[in-house]
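Below you'll find the structure, written out as structure tokens, and then a few comments.
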Amino acid sequence: MAVVKERRASMAERKPSFIGKESPMIIPHLAGMEDPLPEKTPEEVDVVIVGTGLIQSILAAALSWQGSHVLHIDKNEYYGDTTPTLTIEQLTQWVRNVNKGLIPFYTNAQIYVSSDKIGKNYASRDFGIDLVPKVLFAQSDMLTLLVKSRVYQYMEFMPLSNFHTFENDSFEKLTNTKQEIFTDQTIPLMTKRNLMRFLKFVLNWENYPEIWEGYSNKSMAEFLSEKFKLNQTQSSELIFSIGLCYNNDVATPQCLQRIRRYLASFDIYGAFPVLFSKYGSAGEISQGFCRSAAVGGATYKLNTALESYDPTTKIVKFSDGSKVHVSERVVVSPTQTPDPKSKNIPKQNYKIHRLVVAIEKDCKQWFGEQESATVVVFPPGSLNGENFEAVQAIIFGSNSEICPQGTNLWYLTSVEKGENGKRLLDLALKTMLKSISRESIEVDDNVVKFDNKTGSPVINEKYLKEELNELVEPKILMKCYFEQYTSTCPFSIAQPEIFKTQKKDTTDDTTNGNKDNGVIYSPMPSSEISYDGAITAAKVLYETIVGSDDDFFDVDFEDEDITTTNNNRMSYSESAITDDEGEEDDIIMKN
Amino acid sequence: MNATTNQATSIKLVLLGESAVGKSSIVLRFVSNDFAENKEPTIGAAFLTQRVTLPDDTIIKFEIWDTAGQERFASLAPMYYRNAQAAVVVYDLTSPQSFLKARHWVKLLREQSGNNIIIALVANKLDLCEEQAQPETEQEETEPRGNVRKVAKEEGQKLADDEGLMFFETSAKTGEGINNVFLSIAEKIPLKKKGNEQESATFNGNGQSENSTSSNGRIDLNARNGSSEACGC
Numbered sequence: 001m002a003v004v005k006e007r008r009a010s011m012a013e014r015k016p017s018f019i020g021k022e023s024p025m026i027i028p029h030l031a032g033m034e035d036p037l038p039e040k041t042p043e044e045v046d047v048v049i050v051g052t053g054l055i056q057s058i059l060a061a062a063l064s065w066q067g068s069h070v071l072h073i074d075k076n077e078y079y080g081d082t083t084p085t086l087t088i089e090q091l092t093q094w095v096r097n098v099n100k101g102l103i104p105f106y107t108n109a110q111i112y113v114s115s116d117k118i119g120k121n122y123a124s125r126d127f128g129i130d131l132v133p134k135v136l137f138a139q140s141d142m143l144t145l146l147v148k149s150r151v152y153q154y155m156e157f158m159p160l161s162n163f164h165t166f167e168n169d170s171f172e173k174l175t176n177t178k179q180e181i182f183t184d185q186t187i188p189l190m191t192k193r194n195l196m197r198f199l200k201f202v203l204n205w206e207n208y209p210e211i212w213e214g215y216s217n218k219s220m221a222e223f224l225s226e227k228f229k230l231n232q233t234q235s236s237e238l239i240f241s242i243g244l245c246y247n248n249d250v251a252t253p254q255c256l257q258r259i260r261r262y263l264a265s266f267d268i269y270g271a272f273p274v275l276f277s278k279y280g281s282a283g284e285i286s287q288g289f290c291r292s293a294a295v296g297g298a299t300y301k302l303n304t305a306l307e308s309y310d311p312t313t314k315i316v317k318f319s320d321g322s323k324v325h326v327s328e329r330v331v332v333s334p335t336q337t338p339d340p341k342s343k344n345i346p347k348q349n350y351k352i353h354r355l356v357v358a359i360e361k362d363c364k365q366w367f368g369e370q371e372s373a374t375v376v377v378f379p380p381g382s383l384n385g386e387n388f389e390a391v392q393a394i395i396f397g398s399n400s401e402i403c404p405q406g407t408n409l410w411y412l413t414s415v416e417k418g419e420n421g422k423r424l425l426d427l428a429l430k431t432m433l434k435s436i437s438r439e440s441i442e443v444d445d446n447v448v449k450f451d452n453k454t455g456s457p458v459i460n461e462k463y464l465k466e467e468l469n470e471l472v473e474p475k476i477l478m479k480c481y482f483e484q485y486t487s488t489c490p491f492s493i494a495q496p497e498i499f500k501t502q503k504k505d506t507t508d509d510t511t512n513g514n515k516d517n518g519v520i521y522s523p524m525p526s527s528e529i530s531y532d533g534a535i536t537a538a539k540v541l542y543e544t545i546v547g548s549d550d551d552f553f554d555v556d557f558e559d560e561d562i563t564t565t566n567n568n569r570m571s572y573s574e575s576a577i578t579d580d581e582g583e584e585d586d587i588i589m590k591n
Numbered sequence: 001m002n003a004t005t006n007q008a009t010s011i012k013l014v015l016l017g018e019s020a021v022g023k024s025s026i027v028l029r030f031v032s033n034d035f036a037e038n039k040e041p042t043i044g045a046a047f048l049t050q051r052v053t054l055p056d057d058t059i060i061k062f063e064i065w066d067t068a069g070q071e072r073f074a075s076l077a078p079m080y081y082r083n084a085q086a087a088v089v090v091y092d093l094t095s096p097q098s099f100l101k102a103r104h105w106v107k108l109l110r111e112q113s114g115n116n117i118i119i120a121l122v123a124n125k126l127d128l129c130e131e132q133a134q135p136e137t138e139q140e141e142t143e144p145r146g147n148v149r150k151v152a153k154e155e156g157q158k159l160a161d162d163e164g165l166m167f168f169e170t171s172a173k174t175g176e177g178i179n180n181v182f183l184s185i186a187e188k189i190p191l192k193k194k195g196n197e198q199e200s201a202t203f204n205g206n207g208q209s210e211n212s213t214s215s216n217g218r219i220d221l222n223a224r225n226g227s228s229e230a231c232g233c
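These protein sequence lines are chains A and B, in that order.
Per full-length UniProt numbering, residue 1 is the first one in the first sequence, and the count goes up by one each step.
Per full-length UniProt numbering, residue 1 is the first one in the second sequence, and the count goes up by one each step.
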């Protein structure tokens, strides 16, 4: 039984100039620039973090601003560990390393690179490919932390408003605003009313237990059908595109929570629920938090691997021969363990299939106006009735700056159990490629002209020939598939318990001679399409090290010349579904 | 043009150089100095900003990115170089080693950012090689006094000529030459014309528009439509 340690002094207590300030402490303007930096690798640090993935980077920044001295290393020459943004060359090398068994918890990695295009028409570094692509909900803990930590200032964000659902062999764009529901001619009046009633209910669903309690253990589709008279298409859109749930087993309350996440995010920055970062997803945010940590005093060393940790002497040894005494803990990414066979590593029981494809094609018709990304969802059963889990896809255009002009990056993800995942992702890819070729012919009306006299259609053969050439599927520039394992189950709501996978304290277990006794393993990335869970996971680690997460990023940076625009006051719950028709729907169900 | 409002052109400037050559001192001297008319030494944990008003009333807002020490073990992230329009590469004119390192950074910058980036090569610690070296050298107690110049001005000038850099010799300590570095960079920045914003807008700073979505589709996360209280939940 470990003795409960006295809590370490916070940065405010350590730096004399801060004493007397009230909590939350104010970080002065010159933070990070006032002390000359040490020349050599420090000999003594509080925490060593191995791997610069998203969760570890958030942790490094939180600990640094809390006052811990962090040494953050990564064996790779790039930032990101399990969540990097890679060039095609780097990705190719990564695939090789996976297949050589050098990167644990990834299997079946394959890559195709078009040799007549990449390196000729396009450079490898024109692409920034994330191993873990994500979108950012406007109302989320990640967004709040990006603003609070000022990490958002290192990045650029763009809106994403179009969500598509693949249903009955076609891609339906989601009708997700009240405005759109009202104006959509294809929705019957009664359905409109039911949809409105549901949208209004879901924003405050906890307040109406009488409506959903009976469905706590029943499927959401059943709930929507019985309580709101919504048909299969509508409930499928709500559950899988708005809720971004994986399968039909999702419990009603959890699904309601996920649907609300989407609706509550609407109109916070504009008429879109999610944002994405330019130049890369999780890889970009990882870099941002690492920089924040560095400003907060953390030391960074890439190209450095963990050799061993001795929990008795508390000495950490690195691949470059250096060593450091650590006063607190060592946090290690499972991919950078000094001992891949060690029993100390938590079981990584869940498999994620990922496919990323670069195609030479403009997919503008799928994007919202002025936008450069979209989400496409294949609900369970929509791929020839074969998929038990939804396939989620994010498509990025070239304005995201992760691929050159005229190309797109498609990311497809599935948590399908068994060996069918790759085939299902390929099927989804094929379906999308077919659709995008078909749509390009529909937009051109040069092919069919109408005879001025008879009014009958005349086919312009020259154009038809050109269009048929167009119909040939777009050129695939790069295609990469891999499977990733994680200890994090596909969750609906990011509860801290999900991330508490650390085995018993192995500090005293020196008998088996493992090189990783006493380290804390950080979780592998989850399958979640949004950033939900990353901060929760970082907080679980933070609490393990510091003793409590009370002061997690409890900092307040002095104000710069921020011109806060507060003139547009609107509470989010109002703006998401304003009653523009003045209609007072009573959301209490009268049975 | 109304120069008092926010018609400033934002320029991302990165600092490079071996540790202890005085990168931070140069910037601190610049941002806390009194020379700029629209003085707004606004420094945050993210980076430092300083506005400079040029003789023609153009305002350049420098966003100065410090390495935050990530260069020490060659661990600068791509994020650091990205879209930088200007760089200040610093060496210590008493340290030939730091001059070699400066050469290395120039090469790296050219690799990362091509020829569009404006690079100023700065030889710092000029105060150490003047006859009347000041006695109060507390922060560099190990430095010997007197003329300890190890890198000739001509060497620096030659590197600058070969690589197409601007060249300056400065003293962050006395302030000599510092403002000139930034002012010269500001004057060299190709000013964007109206309607050509995305060309040089590099950064999602604090949006000037009332809307959080700017014309080029970028969003300022600090400008929510909703009230700020809504963040609390």
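Backbone N, C-alpha and C fix where the C-beta goes; we use that ideal spot for every residue, glycine too.
Being a predicted model, the structure only gives us computed values, none of them experimental.
Leaving out five residues on either side along the sequence, give the residues of the same chain with a beta carbon under 7 Å from the beta carbon of residue i.
| i | result |
| --- | --- |
| alanine 538/A | Ile55, Ile58, Leu59 and Ala62 |
| proline 338/A | Leu306, Glu307, Ser308, Lys515 and Asp516 |
| threonine 233/A | Glu167 |
| lysine 148/A | Phe553 |
| serine 333/A | Val50, Gly51, Gly53, Gln56, Asp81, Thr82 and Ser522 |
| leucine 221/B | none |
| alanine 138/A | Ser265, Ile268, Tyr269, Pro273, Val274 and Leu275 |
With DSSP as the reference, label residue i as helix, strand or coil.
| i | result |
| --- | --- |
| arginine 149/B | coil |
| phenylalanine 99/B | helix |
| arginine 291/A | helix |
| histidine 72/A | strand |
| lysine 158/B | helix |
| serine 530/A | strand |
| methionine 155/A | coil |
| valine 415/A | coil |
| methionine 166/B | strand |
| alanine 271/A | coil |
| glycine 214/A | helix |
| methionine 478/A | strand |
| valine 14/B | strand |
| glutamate 89/A | helix |
| lysine 173/A | strand |
| valine 147/A | helix |
| phenylalanine 182/B | helix |
| alanine 264/A | helix |
Which value, in whole angstroms, describes the spacing of the CA atoms of residue i and residue j?
| i | j | result |
| --- | --- | --- |
| leucine 238/A | alanine 358/A | 29 Å |
| threonine 67/B | tryptophan 105/B | 12 Å |
| proline 379/A | glycine 368/A | 22 Å |
| threonine 165/A | arginine 96/A | 35 Å |
| aspartate 362/A | serine 527/A | 27 Å |
| threonine 52/A | valine 27/B | 29 Å |
| alanine 109/A | tyrosine 481/A | 6 Å |
| asparagine 76/A | proline 523/A | 18 Å |
| residue 609/A | leucine 195/A | With chain A represented from 1 up to 591, any question about residue 609/A goes unanswered, as that position is not in the structure. |
| isoleucine 402/A | methionine 190/A | 44 Å |
| glutamine 348/A | isoleucine 395/A | 28 Å |
| proline 340/A | tyrosine 152/A | 35 Å |
| leucine 159/B | phenylalanine 168/B | 12 Å |
| valine 181/B | serine 32/B | 15 Å |
Less than 6 Å between C-beta atoms, sequence neighbours within five positions excluded: which residues of the same chain meet that for residue i?
| i | result |
| --- | --- |
| lysine 101/B | Glu18 |
| valine 48/A | Leu71, Val316, Val326 and Val330 |
| glycine 421/A | His353 and Ser414 |
Is the Cβ of residue i closer than 9 Å to any Cβ of chain E?
| i | result |
| --- | --- |
| valine 326/A | In the structure shown, chain E does not exist; the protein chains are A and B. |
**OP:** Spell out a yes or no on whether the stretch 200 to 209 of chain A and the stretch 253 to 267 of chain A are touching, meaning 3 or more CB-CB pairs, one atom from each, closer than 8 Å.
**Re:** Segments in contact, yes.
**OP:** Could I get the ranges of all uninterrupted alpha helix (DSSP H) runs contained in the stretch 295 to 375 of chain A, with 4 residues as the minimum, in chain order?
**Re:** None, since the stretch 295 to 375 of chain A contains no complete alpha helix (DSSP H) of that length.
**OP:** Inspect the CB distances between the stretch 47 to 57 of chain B and the stretch 111 to 128 of chain B and report whether three or more fall short of 8 Å.
**Re:** Flag = no, the stretch 47 to 57 of chain B and the stretch 111 to 128 of chain B do not touch.
Original post:
Between the stretch 72 to 91 of chain B and the stretch 110 to 123 of chain B, are three or more C-beta pairs nearer than 8 Å?
Top reply: Contact between the stretch 72 to 91 of chain B and the stretch 110 to 123 of chain B is present, because at least three Cβ pairs lie under 8 Å.
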